[in-house]
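These protein sequences, in sequence, are chains A and B.
One point on numbering: in the working numbering, the residue at position 345 of the first sequence is 385, and numbering is uninterrupted.
One point on numbering: in the working numbering, the residue at position 147 of the second sequence is 187, and numbering is uninterrupted.
Comments concern the structure below.
There are 2 protein chains.
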Amino acid sequence: MTEATSQLRVYDDTRAMFHLPAGVVYLDGNSLGALPLGVAGRVAQVITAEWGDELIRAWNTAGWYVQPRRVGDRIARLIGAEPGAVMMGDTLSLKVYQALAAALDMNRERKVILSDTGNFPTDLYMAEGLIATLGRGHQLRLAAPDQVEAALSDEVAVLYLTEVDYRSGRRHDMKALTAKAHALGIVTVWDLAHSAGALPVDLAGVGADFAAGCTYKYLNGGPGAPAFLYVAPRHADQARAALSGWMGHAKPFAFDLDYQPAGGVERMRVGTPPVLAMAALEASLDIWDRVDLGEVRARSLALGDLLIEQLARRCPSLQLVTPRPHEQRGSQVSFAFAGGYAAMQALIARGVIGDFRAPDIMRFGITPLYIGEAEVMRAAEIIEEVINGELWRRPEYQVVNAVT
Amino acid sequence: MTEATSQLRVYDDTRAMFHLPAGVVYLDGNSLGALPLGVAGRVAQVITAEWGDELIRAWNTAGWYVQPRRVGDRIARLIGAEPGAVMMGDTLSLKVYQALAAALDMNRERKVILSDTGNFPTDLYMAEGLIATLGRGHQLRLAAPDQVEAALSDEVAVLYLTEVDYRSGRRHDMKALTAKAHALGIVTVWDLAHSAGALPVDLAGVGADFAAGCTYKYLNGGPGAPAFLYVAPRHADQARAALSGWMGHAKPFAFDLDYQPAGGVERMRVGTPPVLAMAALEASLDIWDRVDLGEVRARSLALGDLLIEQLARRCPSLQLVTPRPHEQRGSQVSFAFAGGYAAMQALIARGVIGDFRAPDIMRFGITPLYIGEAEVMRAAEIIEEVINGELWRRPEYQVVNAVT
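Set out below in structure tokens:
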């Protein structure tokens, strides 16, 4: 799967590798990535030839047991992680929980978890749950995103951030914050939900301690695709596995009554891995293995600039909330607009699919594998039509869906 | 999906609904159930028509968001649960963890978790991890399976058992133990891994507090299929969600900074549900919806009796470890045999697939949807050949695989 094949040119070669419905400009790959054409065949093969024919034997013969590690190594390249430092499984909520629990355990004298108000809510909720379970007086302290650096102190046990803000697309300086945190004796946990596949990440280079991310956004692993967890190799043999399932045991098939953690990141496995979902992800990684992330990033920024410029000129009522400087943003462009919910419904009705985040944010994700200049220009035209033509005021767009 | 369709006769109608490789007698459906023929088409449809064409809209249009609850209601019928009391997601390790955390929280004055030495190791390991995280001096006390009832006392906070022992197939008396536990003020957590789809379970009838199970064994949901969690309706609005992810929030799409649990079992959702894996399970449930569990159980016991009788006569060196009385066993038959590992390899080489559990247990699962008298007789003949002919002594069967 990771043979030395020629590198794919982003969009020119990759666009044809995705299924995208006719008449749609899809700017929501930051929420659910589009379907790689290879997925259906790959999953069908795992279902029929592996599950169907091999049955239980497939844990060995089809490599199911080592799949979480094997896939983790393919993710590792995309986030600058050392080989063997990334484990797949479960969901991002659970992976940040595992990371935070292990990080707190490394800094037991301190009681403050520092995060920011731009962190994705599930990260904060999982921290609240962990604090309650621990019952040792930990405190979740939230700074404004631009006040995080100033809030670092030797009271802080763990710095717990999402690199790219899910609403604004604002990007933290992971390298500088990690360095300053370490100088103060703080352990770091980075959520890469809006980073992995969106921009080059260099976990080993910045000296990150723990990181986690999902694979259903920029990595196109499909709805509910498994999450990943990174543990720096210098910590992995000591990190406490709070969710100590049998697959993370040193000898899972000895069926001992007592838990003994496996060496390295293997201990962060919990239960039976989601084989079918991981097969879908593997088919998507067949594309990612052959893509240069530097090229993805360059095109993402250029396309983001194009959308920002077009909408600044066409729609002055949209207020840009994504920072313009390249180093300060991820791979989405967001605007505040009071009628944002209705406007997004009107756009979706016209085939421009972005999404809305309360209270008033319209998000447009830039996914250069299958979005290019033509799609961005088409989106800009339709956004202009909807916003300036006040089409969003129509009653049919005011109805709130169950899930947005 | 749950239309009023005619009931299926077990085996006569259901056997044809499974893919089973030629030349194989599959007696390991208690580890990984066989492939229902409907799965491949269903998953392909979700990939292509829902993910591919609907993209992010499918959370509403294809009902992805409500899938964990919808599927939970189909499982509910199989385990005697009230509608709305079962939630799908994650893995069994995580579901027993959630259940145990909530159960302990209901009995904060007591510190003993009572389990048995026949419980599946991951349940014990997850409890160890929770105890360490809690750090409040809880104790995991293990009784021998037949000493559990005697070990119940008013010291015990939670009775934490798997109904059917994964090695011996021995079945606990859930009703009697739950009643005695309740009389002593003990909260119960039942693991139904080897019960769901194997025999009728009556959670509401016995007054169970919490239960969890997996769906890749008797329920044929596929490798890594999602787990289920049952919370008795009388507890569900108070139960503490230790793994407090955003999907269990009262208003997940309000993106509040603070966690507020949803009402009922909905709070036991954690992160994004595994849509593709759950689609596979739904295709399997199309069969289960039309099957009478009483009929499954009757055939399971008859087939188990047949295997026990045949092997008692043919292979006296195999020592039966499964209780003979019907009410004391699940849907597997297990034998102790010193050369068990090698003997199972020899059987698998001859197309009889069971499995081995350390130190010396040979397991044969009885899954009446696709196993009948002919398969049991064929297995008995080959087992006789391997055991009595001492074929298992051949060197090629002594090599230990990575995973068994």
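Glycine included, every Cβ here is placed at the ideal spot set by N, Cα and C.
| Asked | Found |
| --- | --- |
| Coarse secondary structure for A/Val64, derived from DSSP in three states | coil |
| Close-in-space but distant-in-sequence residues of the same chain around B/Arg181 (CB under 6 Å, 5 per side omitted) | Val152 and Leu154 |
| Uninterrupted beta strand (DSSP E) stretches inside the stretch 165-245 of chain A (no shorter than 3 residues) | 179-183, 196-202 and 227-231 |
| Beta strand (DSSP E) runs contained entirely in the stretch 121-154 of chain B, provided each spans 3 or more residues | 126-129 |
| Straight-line gap, A/Trp91 to B/Ile87 (C-alpha atoms, nearest Å) | 18 Å |
| The stretch 358-365 of chain A touching the stretch 106-121 of chain A, judged by at least three CB pairs closer than 8 Å | no |
| Chain A residues whose Cβ lies nearer than 7 Å to that of B/Ala383 | None at all; the shortest Cβ gap to chain A is about 16 Å. |
| Simplified DSSP assignment, three categories, for B/Ala272 | coil |
| Any chain A beta carbon closer than 7 Å to B/Thr362 | no |
| Pairwise C-alpha distance: A/Asp326 and A/Met41 | No answer about A/Met41 holds up, because its pLDDT of 42 lies below 50 and its placement is not dependable. |
| Partner residues on chain B for A/Trp328, Cβ-Cβ distance less than 8 Å | Chain B residues near A/Trp328: none, gap ~17 Å exceeds 8 Å. |
| Interfacial residues, the stretch 282-305 of chain B to chain A, with Cβ spacing under 7 Å | Ala282, Leu283, Ser284, Gly285, Trp286, His289, Phe293, Ala294, Phe295, Asp296, Leu297 and Tyr299 |
| Burial state of A/Ser374 (16 or more Cβ within 10 Å) | buried |
| Simplified DSSP assignment, three categories, for B/Arg364 | coil |
| Start and end residues, beta strand (DSSP E) containing A/Arg353 | Taken as a continuous stretch (DSSP letters only), A/Arg353 belongs to no beta strand (DSSP E), being part of the alpha helix (DSSP H) at Leu333 to Arg354. |
| Residue-chain proximity (B/Trp432, chain A), Cβ-Cβ < 7 Å | no |
| Three-state class that DSSP yields for B/Ala281 in the structure shown | coil |
| Selected residue, minimal CA-CA separation from B/Leu283, among A/Tyr437, A/Leu72 and A/Gln138 | A/Gln138 |
| Chain B contact for A/Ser71 (CB, 7 Å cutoff) | yes |
| Euclidean distance between Cα positions of A/Asp29 and A/Asp242 | What the structure shows of chain A is the stretch from 41 to 444, and residue 29 of chain A is not part of that stretch, so it cannot be assessed. |
| Residues that DSSP places opposite B/Ser374 in a beta bridge | B/Arg403 |
| Chain-ordered chain C contacts of B/Pro240 [CB-CB under 7 Å] | Absent from the structure: chain C. Protein chains present are A and B. |
| 8 Å contact criterion, which A/Glu335 and B/Tyr299 should meet: CB distance rounded | Contact doesn't hold; Cβ gap of about 40 Å is too wide. |
| Residues from the stretch 48-71 of chain A in contact with chain B, defined by Cβ distance under 7 Å | His59, Pro61, Tyr66, Asp68 and Ser71 |
| Inter-stretch contact (C-beta, 8 Å, three-pair minimum) for the stretch 252-259 of chain A and the stretch 138-150 of chain B | no |
| Extent of the continuous beta strand (DSSP E) run through A/Arg49 | Note, A/Arg49: premise wrong, no beta strand (DSSP E); not H, not E. |
| Contact between the stretch 271-279 of chain B and the stretch 303-323 of chain B (3+ Cβ pairs under 8 Å) | yes |
| A/Ala252: first and last residue of the uninterrupted alpha helix (DSSP H) it sits in | No alpha helix (DSSP H) contains A/Ala252, which is instead part of the beta strand (DSSP E) from Phe250 to Gly253. |
| Separation of A/Ala74 from A/Phe58, as counted between CA atoms | 7 Å |
| Burial state of A/Val440, where buried means 16 or more other Cβ atoms lie within 10 Å | exposed |
| Span separating the alpha-carbon of A/Phe396 from that of A/Ala248 | 31 Å |
| Residues of the stretch 251-263 of chain A whose Cβ lies closer than 9 Å to any Cβ of chain B, in chain order | Cys254, Tyr256, Gly262 and Pro263 |
| Identity of the residues DSSP links to B/Asp329 by a beta bridge | DSSP output for B/Asp329 lists no bridge partner at all. |
| Of the listed residues A/Leu343, A/Tyr105 and A/Phe295, nearest to B/Tyr165 (C-alpha basis) | A/Phe295 |
| Burial state of B/Glu43, where buried means 16 or more other Cβ atoms lie within 10 Å | For B/Glu43, the pLDDT reaches just 47, beneath the cut-off of 50, and the residue's location in the model is therefore unreliable, leaving the point undetermined. |
| Selection from A/Ala420, A/Met128, A/Asp277 and A/Phe404 that minimises the alpha carbon distance to A/Glu322 | A/Met128 |
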